Amino acid sequence: MAANLTPVEEAIAHLLNKAPVIEGTQVLPLTESLGRILAQGYQVPADVPPADNSAVDGYALRVEDYTAGQPLTISDRIPAGSAPSPLKPGTAARIFTGSEVPAGADTVIMQERVEVTDNGIVISAEVKPDQNIRRRGQDLAEGSLALAKGTKIRAQEMGLLASIGVAEVTVMKKLRVAILSTGDELVDPGMPLGPGQIYNTNRFTLLGLLAEAGCDVVLCETLRDERDLTRETLERAASKADLIITSGGVSVGEEDHVRAVLEEAGELSLWRMAIKPGKPLAFGSISGTPVLGLPGNPAAVLVTFLIVGMPYIRTCQGRLQVYPVGQPLPSMFEVTSPSVRKEFVRARTETADDNTRVNAFSNQSSGVLSSACWASGLAVVPEHTTVAEGDTLTFYPFTELLS
Ligand code: AMP
Ligand code: MG
Numbered sequence: 014m015a016a017n018l019t020p021v022e023e024a025i026a027h028l029l030n031k032a033p034v035i036e037g038t039q040v041l042p043l044t045e046s047l048g049r050i051l052a053q054g055y056q057v058p059a060d061v062p063p064a065d066n067s068a069v070d071g072y073a074l075r076v077e078d079y080t081a082g083q084p085l086t087i088s089d090r091i092p093a094g095s096a097p098s099p100l101k102p103g104t105a106a107r108i109f110t111g112s113e114v115p116a117g118a119d120t121v122i123m124q125e126r127v128e129v130t131d132n133g134i135v136i137s138a139e140v141k142p143d144q145n146i147r148r149r150g151q152d153l154a155e156g157s158l159a160l161a162k163g164t165k166i167r168a169q170e171m172g173l174l175a176s177i178g179v180a181e182v183t184v185m186k187k188l189r190v191a192i193l194s195t196g197d198e199l200v201d202p203g204m205p206l207g208p209g210q211i212y213n214t215n216r217f218t219l220l221g222l223l224a225e226a227g228c229d230v231v232l233c234e235t236l237r238d239e240r241d242l243t244r245e246t247l248e249r250a251a252s253k254a255d256l257i258i259t260s261g262g263v264s265v266g267e268e269d270h271v272r273a274v275l276e277e278a279g280e281l282s283l284w285r286m287a288i289k290p291g292k293p294l295a296f297g298s299i300s301g302t303p304v305l306g307l308p309g310n311p312a313a314v315l316v317t318f319l320i321v322g323m324p325y326i327r328t329c330q331g332r333l334q335v336y337p338v339g340q341p342l343p344s345m346f347e348v349t350s351p352s353v354r355k356e357f358v359r360a361r362t363e364t365a366d367d368n369t370r371v372n373a374f375s376n377q378s379s380g381v382l383s384s385a386c387w388a389s390g391l392a393v394v395p396e397h398t399t400v401a402e403g404d405t406l407t408f409y410p411f412t413e414l415l416s
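This is the structure we're talking about:
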């Protein structure tokens, strides 16, 4: 029934409202900071670059000193890493990429445009001020904010921090997330399958997702479908983690104990969302630790983790950017029967004749995980909407959903 399904945005807002930002910070060498979240902003202590420098190998001169066709003598040679003396009036200085431009020079001519003669250099290009000079502070100006608190450190942020001389960074502690997969039918890969059994897929999907999301994982044993055991296991996990993510056991069957235990022994603040796949998603807490109860079906686990779990995790991580950014793209597929649930279609972009469109995997069953391996992201089909070929849909690449 649509009536008791919480709309996706409302459900996410509910979760974010209850998301505690992790307490505690850590100081790490910059070399170990990749993927971590800045716990403070970083100001620029001094201009980057610290001085005007040459963008090319060539010759520095003052435009005023130059007369077309007249050679200019070379009075100095400035290797990178040296402090240049002021340029002698009426001369040029040999200069290299990254060398500081000497005081008195106002342009640099690239060496390819210069002929070196016995009487000095002759230039075969237009000579005007400001050529090939990288100005002091053009990258980062002293006193400005280089990076804000809550920024995730990617390779480029590591480089930027290094460029302002930072050797150690203060980052947020990692979120510890316990993974609990439920189901009597589950067997770990590596073991033979008995009748009625399947391999525990979600445990590994979640392990990978959480690692990519920059969390520490507390991996729990696969949980049998028993009420008391479910409660005990959840309570034990609560003492070891900042967040518990379960899979399965949140539906309406009498063997679905996770939701029931949250209701009985903890708190259940949300259950059932207007999302496809993943309707039975539950959220609550046990012993004060938040619990995100994902559905059991493997593709629904991936989708609900990315769409609902990631904004929650980012908030707990103290991230600046919580929501993914989608791209509007024309659809290559049709949806003829509108759903009361917002659908996240496993999809990928395809480009032909310079035209990029989004295509859907043929089988969108919540049990079909191969769809997600074929796909490069999720396309959104809003509630009560039919889609015709060429209609614009929002597409979220997996990299964006998990960044
Ligand atoms: P449930 O919500 O527990 O009824 O699970 C829904 C469906 O997902 C059932 O077909 C389960 O067998 C399947 N399922 C649940 N957990 C897993 C898992 N960890 N790996 C693979 N399939 C699962
Ligand atoms: Mg189950």
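Residues in the sequence shown are numbered from 14 upward in steps of one, following my numbering.
Backbone N, C-alpha and C define an ideal beta-carbon position, used for all residues, glycine too.
Note that the coordinates shown come from a computational prediction; the quantities given were computed from them, not determined experimentally.
query, result
"Residue 171 - partner residues in DSSP beta bridges", "Partner(s): none; residue 171 has no beta bridge."
"Own chain, CB closer than 8 Å to residue 175, minus 5 neighbours either side, in chain order", "43"
"Three-state secondary structure (DSSP) of residue 282", "strand"
"Assigned secondary structure, residue 15 (DSSP; H/G/I helix, E/B strand, else coil)", "Per-residue confidence for residue 15 stands at a pLDDT of 46, beneath the threshold of 50, marking its modelled position as unreliable; the derived number appears in the next sentence. Residue 15 falls in the helix class under three-state DSSP."
"Residue 15 versus residue 183: straight-line alpha-carbon distance, rounded", "Interpretation of residue 15 is limited by its pLDDT of 46, a score under 50 that renders its predicted location unreliable; the figure taken from the coordinates is listed afterwards. Roughly 46 Å separates the two Cα atoms."
"Stretch pair the stretch 266-286 + the stretch 19-30: three plus CB contacts closer than 8 Å", "yes"
"Limits of the unbroken alpha helix (DSSP H) element including residue 217", "215-225"
"Closest residue to residue 79 among 229, 195, 106 (Cα-Cα distance)", "106"
"Bridge partner(s) assigned by DSSP for residue 260", "194, 307"
"Alpha-carbon to alpha-carbon, residue 53 and residue 237", "43 Å"
"Residues that residue 39 bridges to, as DSSP identifies them", "184"
"Any non-hydrogen atom of ligand 2 closer than 7 Å to residue 238 Cβ", "yes"
"Among 147, 318, 84, 217, the one whose alpha carbon lies nearest that of residue 416", "318"
"Delimiting residues of the alpha helix (DSSP H) encompassing residue 327", "323-329"
"Residue 408 vs residue 390 beta-carbon contact at 8 Å", "yes"
"Residue 406 (DSSP reduced to helix, strand or coil)", "strand"
"Beta bridge counterpart(s) of residue 229 as assigned by DSSP", "189"
"Inter-stretch contact at 8 Å, needing at least 3 Cβ pairs: the stretch 343-360 / the stretch 69-79", "no"
"Inter-residue CB distance, residue 256 and residue 329 (contact presumed, cutoff 8 Å)", "7 Å"
"Segment contact, 8 Å Cβ cut-off, at least three pairs: the stretch 195-205 with the stretch 226-246", "yes"
"Ligand 1 heavy atom lying under 7 Å from the CB of residue 260", "yes"
"Residue burial classification, residue 403 (beta-carbon count within 10 angstroms, cutoff 16)", "exposed"
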